[in-house]
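Asker: Here it is: the structure, laid out below.
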Amino acid sequence: MTDRGRRALIWAWTLAVLVFLYLPALCILLASLTASRYFLFPIQKWGFDWWRKTFESLEIRQLFANSITIAFCVMVIAVVIAFFGALAFARYNWKGRTVFQKIVLLPIFFPQSVLGLALLLWFNAVGIQTSWMTAIFAHLVWIIPVVTLVISIQVYSFDPALEEAAFDLGASRWQVFREVTLPVLLPGIVSGAFFAFLLSWGNFPLSLFTTGADATIPKYLYAKMVAGYTPGVPVLGTVSTFGAALLLLGGYWLVTLRRRAQS
Amino acid sequence: MSKRPPILQLKSLTKSFGTFNAVDGIDLDIAEGEFFTIVGPSGSGKTTLIRMLAGMEQASSGDIILSGTRINDLPANKRPTCMVFQSLALFPHRTVGENIEFPLKIKGVDPAQRKARALALLDQLRLPQNYYGKSVLRCSGGERQRVALARALAFDPKILFFDEPLSAIDYKLRKTLERELKDIHRETGKTFVYITHSLEEAMVMSDRIGVMCAGNLVQVGTPNEIYSAPKDKFVSEFMGDVNVIPVSMNGSRTITADTFDKTFTVAAIPEAFSKGHLVIRPEFVRFVTEAKEAENVLEGKLYNEYALGSRIQYQVRVGENVFIVEKLRQHSSTLRRDQTVLIGWDAKDSILVTG
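Each protein sequence line maps, in turn, to chains Z and G.
For the first sequence, this note's numbering begins at 1 and goes up steadily by one.
For the second sequence, this note's numbering begins at 264 and goes up steadily by one.
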């Protein structure tokens, strides 16, 4: 094959992968831009009507409030617990560490619907009313292991001599933590926070079982698809997807800015 | 050197891991202002020793006495000593200036004074003033070395410990930094305790050297004492290429080789000597044309020659035994491989060791 032919093939393949990855998000956007009540393709009449209607709905506002509250609480709790978990995972040598490393990661691979169902059964058995608060707990069961892993990656590249050096230069344990450990591990903590927020934001199976009468955006989307589709569903889907993407890009931008300011 | 009062005294200092003694009852006095180097192969316990001295490792038994006070139970952050780490441990999220100022910030020195001290240290360590705001990640190996030393000096420690900080640096730069470090030792007048696996490095810098093996100090002395009077086979071989012949003393007080038939003339026989090694440095072995030209002469075959910069090294095989001969390049001999040669040395240039 000629050099040119090979390059063309690589480009074509790359393009195919990109289309495959991003076409669904694009389709959701297209489906939301119709003026009619039902989804017909090609779109007969374009319009922003359903966007207006969606944003005016008090129900939808409540959904956003629920999803953001849950994701925010999950983020804060998960990052704190996972940070110390990651130190135990990657920084310190202790008896039982290898067992801990395996056990803590296992929940990532549990089927989430089974995990949700199990939690629901337990909440009922113990007599806890399910709501957005029980959903936070359910999300944490799955998200803390993920965030532990994300932060551990940063901890692995952390030179333990940094802490020793700070300690040796007269710093107290707390000063070592505040001046060295925390700032050096900050990039890992920030990525962990993004993971926690976005995984909770998009989670469906755990929320389905554990939110009770409260609803989150993914749970609402599902309910509406089963019964009562309107183009308001793709509007919400688009906002949810692009909101997550914007958050990620914003975080990336902040990190780049900070890095540039340093050098 | 050792006439001055000791700043640091170790008394049967031991560190055990289970039944294994990594440091096995070390006694040592280090004088104030001294540049003392502990040298030993990896696994000899030197890192464990210096970590105990700096307070990063708890001693199992024995005493560490600093200026007359036992400091065994003092944690590292309460000891008036400071260590330069092998990895240097510069804070990657801080600038050069912030790294140097770190110990001052911890002590609560005000920012203006901190900066003035950091700039003075940059100057002392031969780093440009505009490095103050530079990220440590953008510094070269040699510069990082200087920043680490500046940070340690900012702490103003009574003793500075060094844990092989030059081991990851290429040869040429290492030679420069060794000299700089010795100059800085002179300029600051502080006590330096340095560990390395390179005796060559120890020789260049130190006032005294302690050779460590299997948790023990085998020999302590000035570089010259270690070089010219190694205590045993381990120390003499640790010095680099050297000729070592296993020998025994027979009834008539003559020294004979264990593995081949030869009697040697030696300058002195240590008391109670029966078995040991005869050590001859390669620069004291020379090619001779007749047996009477040297007090000890062996016949062998030239196997190979190696160029070592200013010197040339020859490998001569005497039966099963390998001997090395070194000559300055300008005095090099024109010899063919497999040529039969006579090598010889005088009694005063050989050392008889017990171990």
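Backbone N, C-alpha and C define an ideal beta-carbon position, used for all residues, glycine too.
On the three-state DSSP scale, how would you describe SER613/G?
Answerer: Within the second sequence, residue 613/G is the residue found at index 350, counting from 1. In this structure, SER613/G counts as strand in the three-state DSSP scheme.
Asker: Going by DSSP, what residues sit across from LYS445/G in a beta bridge?
Answerer: Walking along the second sequence from the start, residue 445/G turns up at place 182. According to DSSP, LYS445/G bridges with nothing at all.
Asker: Evaluate HIS594/G with the Cβ neighbour count: other Cβ atoms within 10 Å of its Cβ, from every protein chain shown; 16 or more gives buried, anything less gives exposed.
Answerer: Here residue 594/G refers to the residue found at position 331 of the second sequence. Counting Cβ neighbours within 10 Å, HIS594/G comes out exposed, since fewer than 16 surround it.
Asker: If distances are taken between C-alpha atoms only, which option among THR439/G, GLY563/G, SER324/G and THR552/G comes closest to ARG389/G?
Answerer: As a first step, residue 389/G is located in the second sequence; it is residue number 126 there, counting from the start. The shortest C-alpha separation from ARG389/G is found at THR439/G.
Asker: In chain G, which residues lie less than 8 Å from ALA86/Z when you measure between Cβ atoms?
Answerer: Within the first sequence, numbered from 1, the residue matching residue 86/Z stands at position 86. Under the 8 Å cutoff, chain G gives no residues; its nearest Cβ is about 18 Å from ALA86/Z.
Asker: Any Cβ of chain G within less than 8 Å of the Cβ of ASP214/Z?
Answerer: Here residue 214/Z refers to the residue found at position 214 when the first sequence is read from its first residue. For ASP214/Z, no CB of chain G lies under 8 Å from its own CB, so it is not counted at the interface with that chain.
Asker: Check the Cβ of ASN340/G against every Cβ in chain Z and list those closer than 8 Å, keeping chain order.
Answerer: Counting from 1 along the second sequence, the entry for residue 340/G is found at position 77. Within chain Z, the residues near ASN340/G are PHE167, ASP168, LEU169, GLY170, ALA171 and SER172.
Asker: Using only the alpha-carbon positions, how far apart do SER491/G and TRP608/G sit?
Answerer: If you number the second sequence from 1, residue 491/G lands on position 228. If you number the second sequence from 1, residue 608/G lands on position 345. Rounded to the nearest angstrom, the two C-alpha atoms are 15 Å apart.
Asker: Name the chain Z residues whose beta carbon is nearer than 7 Å to that of ILE369/G?
Answerer: In the second sequence, the residue the question calls residue 369/G occupies position 106. Result: LEU169, GLY170, ALA171 and GLN175.
Asker: Could you work out which residues of chain Z lie near HIS356/G, taking near to mean beta carbons separated by less than 7 Å?
Answerer: Looking up residue 356/G in the second sequence gives position 93. Within 7 Å Cβ-Cβ: PRO183 and VAL184.
Asker: Can the beta-carbon of ILE543/G be found closer than 8 Å to that of VAL529/G?
Answerer: For this step, residue 543/G is matched to residue 280 along the second sequence. For this step, residue 529/G is matched to residue 266 along the second sequence. When the beta-carbon positions are compared, ILE543/G and VAL529/G stay at least 8 Å from each other.
Asker: Using a Cβ-Cβ distance under 8 Å, would ALA352/G count as near chain Z?
Answerer: Residue numbering aside, residue 352/G sits at position 89 when the second sequence is read from its first letter. So yes, ALA352/G belongs to the interface.
Asker: So which residues of chain Z does PRO366/G contact, with C-beta pairs closer than 7 Å?
Answerer: Here residue 366/G is taken as the residue at index 103 of the second sequence, counted from 1. Correct list: LEU169 and GLY170.
Asker: Could you tell me which uninterrupted beta strand (DSSP E) segments, each at least 3 residues in length, are contained entirely in the region 503–527 of chain G, listed from first to last along the chain?
Answerer: 506–512 and 518–520
Asker: Looking at the C-beta of MET319/G, does it have a partner C-beta in chain Z at a distance below 8 Å?
Answerer: As a first step, residue 319/G is located in the second sequence; it is residue number 56 there, counting from the start. True, the Cβ-Cβ gap to chain Z drops below 8 Å.
Asker: Tell me the DSSP secondary structure of MET264/G in three-state form.
Answerer: As a working note, residue 264/G is residue 1 in the second sequence. Because the pLDDT of MET264/G is 46, which lies under 50, any placement of that residue in the model is unreliable, and the question is left without a value.
Asker: Once you ignore the five residues that flank MET264/G on each side, which residues in its own chain have a CB closer than 7 Å to its CB?
Answerer: On the second sequence, residue 264/G is found 1 positions in, with the first residue counted as 1. Any answer about MET264/G is weak, because its pLDDT of 46 lies below 50 and its placement is not dependable; what the coordinates show is given next. Correct list, in chain order: ALA294, GLU297, ASP470 and ARG471.
Asker: If you measure from the beta carbon of VAL155/Z to each beta carbon in chain G, is any gap under 8 Å?
Answerer: Taking the first residue of the first sequence as 1, we reach residue 155/Z at position 155. VAL155/Z does not count as touching chain G.
Asker: Quick one: using the 10 Å Cβ neighbour count with 16 as the cut-off for buried, is GLN154/Z buried or exposed?
Answerer: Here residue 154/Z corresponds to residue number 154 of the first sequence, with the count starting at 1. It is buried - the Cβ of GLN154/Z has at least 16 other Cβ atoms within 10 Å.
Asker: Can you find a CB in chain G that lies within less than 8 Å of the CB of ALA261/Z?
Answerer: Sequence index remark: in the first sequence, residue 261/Z carries index 261 (1-based). False, the Cβ-Cβ gap to chain G never drops below 8 Å.
Asker: Check the Cβ-Cβ distances between MET466/G and every residue of chain Z, and say whether any is below 8 Å.
Answerer: Here residue 466/G refers to the residue found at position 203 of the second sequence. Not one chain Z Cβ lies under 8 Å of MET466/G.
Asker: Give a single yes or no on whether ASP168/Z has its beta carbon closer than 7 Å to a heavy atom of the ligand GDP.
Answerer: Although the ligand GDP was asked about, the structure shown includes no ligands whatsoever.
Asker: 8 Å is my cut-off, CB to CB: does LEU121/Z come that close to chain B?
Answerer: Of the protein chains in the structure, Z and G, none is chain B.
Asker: Cα separation between GLU562/G and THR552/G?
Answerer: Locating residue 562/G in the second sequence gives position 299, counting from the first residue. Locating residue 552/G in the second sequence gives position 289, counting from the first residue. Looking at the two C-alpha atoms, the distance is approximately 10 Å.
Asker: CB LEU247/Z to CB HIS139/Z, shorter than 8 Å?
Answerer: By 1-based counting over the first sequence, the position of residue 247/Z is 247. By 1-based counting over the first sequence, the position of residue 139/Z is 139. No, the pair does not count as a contact, with Cβ atoms beyond the cut-off.
Asker: Against chain G, with Cβ distances strictly below 8 Å, would LEU254/Z count as a contact?
Answerer: Along the first sequence, one-based indexing puts residue 254/Z at 254. No, no contact with chain G.
Asker: Would you call TRP201/Z buried or exposed, if buried means 16 or more other Cβ atoms sit within 10 Å of its Cβ?
Answerer: Residue mapping note: residue 201/Z aligns to position 201 of the first sequence, counting from 1. Burial call: buried.
Asker: Can you name the residues of chain Z whose CB is closer than 7 Å to the CB of MET346/G?
Answerer: Translated into positions along the second sequence, residue 346/G becomes position 83. Chain Z residues near MET346/G: ASP168.
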